[in-house]
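S.K.: Residue numbers (the UniProt record's numbering): 1 to 174.
For every residue, glycine included, the Cβ atom is placed at its ideal position computed from N, Cα and C.
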Amino acid sequence: MDSEWRWGFCRNLRDWSSYFSTIAVFCCEAVFHRSLSKNSQEKKNFEDYLEMMELDIGDASQVYIAFLVYLDLMESKSWHEVNCVGLPDLQLICLVGTEIEGEGLQTVVPTPITASLSHNRIREILKASRKLQGDPDLPMSFTLAIVESDSTIVYYKLTDGFMLPDPQNISLRR
Numbered sequence: 001m002d003s004e005w006r007w008g009f010c011r012n013l014r015d016w017s018s019y020f021s022t023i024a025v026f027c028c029e030a031v032f033h034r035s036l037s038k039n040s041q042e043k044k045n046f047e048d049y050l051e052m053m054e055l056d057i058g059d060a061s062q063v064y065i066a067f068l069v070y071l072d073l074m075e076s077k078s079w080h081e082v083n084c085v086g087l088p089d090l091q092l093i094c095l096v097g098t099e100i101e102g103e104g105l106q107t108v109v110p111t112p113i114t115a116s117l118s119h120n121r122i123r124e125i126l127k128a129s130r131k132l133q134g135d136p137d138l139p140m141s142f143t144l145a146i147v148e149s150d151s152t153i154v155y156y157k158l159t160d161g162f163m164l165p166d167p168q169n170i171s172l173r174r
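Printed below as a string of structure tokens:
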């Protein structure tokens, strides 16, 4: 009887990785609840996490990945004014912010390493990112944030066509 219950439980889970991602999200929530009184930045981070959950886009693992990228942009990369935006048509959570204060908005699309993107899907994201950036004169672009299972994040900037780098930006980033 016990083995039948376990087999039924396993069959009902669509995806074990989704199951473990949900557990990781609950653990993340518990850690944040304990540390809310310590720091106002941690409190803001937790509020932003809850905002991502309320978007009701994708599953808990997509929210978790978006939150990891959000924390990396805010704490490690020192981005300014990073906000989460839901794209229900594409079932995506995007992050919009500025890398250098006073620069234009950039769109970051968090994605797990296991996801595959077709050319059509990339084109749809490019079009959506142009709307989020607010300036139709800018070339269509977004930054793909690929998250590995160990929380390593790799960023790739994708544009519509080739773009030559601005020599001034190269020297500023070194």
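When you compare the stretch 85-97 with the stretch 54-67, are there three or more beta-carbon pairs, one atom per stretch, that lie closer than 8 Å?
M.R.: Yes, the stretch 85-97 touches the stretch 54-67.
S.K.: Which full runs of the alpha helix (DSSP H) of 4+ residues lie inside the stretch 43-81, going along the chain?
M.R.: Entirely contained in the stretch 43-81, the alpha helix (DSSP H) runs reaching 4 residues are, in chain order, 60-71.
S.K.: Are LEU95 and ALA66 closer than 9 Å when you measure CB to CB?
M.R.: Taking the first residue of the sequence shown as position 1, residue 95 is located at position 95. Taking the first residue of the sequence shown as position 1, residue 66 is located at position 66. A contact, by the Cβ cut-off of 9 Å.
S.K.: Using the Cα positions of MET53 and MET140, report the straight-line distance between them to the nearest angstrom.
M.R.: Taking the first residue of the sequence shown as position 1, residue 53 is located at position 53. Taking the first residue of the sequence shown as position 1, residue 140 is located at position 140. Cα to Cα, the separation comes out at about 28 Å.
S.K.: Taking the straight line between their C-alpha atoms, what separation do you get for residue 176 and ILE153?
M.R.: Given that the chain is displayed from residue 1 to residue 174, the structure contains no residue 176 and the question cannot be resolved.
S.K.: Could you check if ASP135 belongs to the surroundings of the ligand NAP, using beta carbon to heavy atom distance under 8 Å?
M.R.: Because no ligand of any kind appears in the structure shown, any question about the ligand NAP cannot be addressed here.
S.K.: How close, in whole Å, do the beta carbons of PRO110 and VAL69 come, if the pair is a contact with beta carbons under 8 Å?
M.R.: Here the question's residue 110 lines up with position 110 in the sequence shown. Here the question's residue 69 lines up with position 69 in the sequence shown. Contact holds; Cβ gap of about 4 Å.
S.K.: If I'm right that HIS80 touches GLY104 with Cβ under 8 Å, what's the distance once you round it to whole angstroms?
M.R.: Here residue 80 corresponds to residue number 80 of the sequence shown, with the count starting at 1. Here residue 104 corresponds to residue number 104 of the sequence shown, with the count starting at 1. Between GLY104 and HIS80 the Cβ distance is about 12 Å, and since that is not below 8 Å, they are no contact.
S.K.: Where VAL63 and ARG123 are concerned, what is the direct C-alpha to C-alpha distance, given to the nearest angstrom?
M.R.: Translated into the one-based positions of the sequence shown, residue 63 becomes position 63. Translated into the one-based positions of the sequence shown, residue 123 becomes position 123. One C-alpha to the other measures close to 23 Å.
S.K.: Roughly how many angstroms separate the alpha carbons of LYS127 and MET163, rounded to a whole number?
M.R.: The count along the sequence shown starts at 1 and reaches residue 127 at position 127. The count along the sequence shown starts at 1 and reaches residue 163 at position 163. Looking at the two C-alpha atoms, the distance is approximately 17 Å.
S.K.: Between the C-alpha atoms of ARG130 and VAL147, what's the straight-line distance to the nearest angstrom?
M.R.: Indexing the sequence shown from 1 puts residue 130 at position 130. Indexing the sequence shown from 1 puts residue 147 at position 147. Each residue's Cα considered, the two are about 23 Å apart.
S.K.: For the alpha helix (DSSP H) holding SER118, just list the boundary residues, first then last.
M.R.: For the purposes of this step, residue 118 is identified with residue 118 of the sequence shown, where counting begins at 1. Unbroken run through SER118: none, as it is neither H nor E.
S.K.: Quick check on PRO167: does DSSP put it in helix, strand or coil?
M.R.: Counted from its first residue, the sequence shown places residue 167 at position 167. PRO167 falls in the helix class under three-state DSSP.
S.K.: Taking all protein chains shown into account, decide if ASP72 is buried (16 or more other Cβ within 10 angstroms of its Cβ) or exposed.
M.R.: As a working mapping, residue 72 is identified with position 72 in the sequence shown. It counts as buried.
S.K.: Could you check which residue in ALA145, TYR155, SER78, CYS84 has the C-alpha nearest to that of GLU101?
M.R.: Translated into the one-based positions of the sequence shown, residue 101 becomes position 101. The shortest Cα separation from GLU101 among ALA145, TYR155, SER78, CYS84 belongs to SER78.
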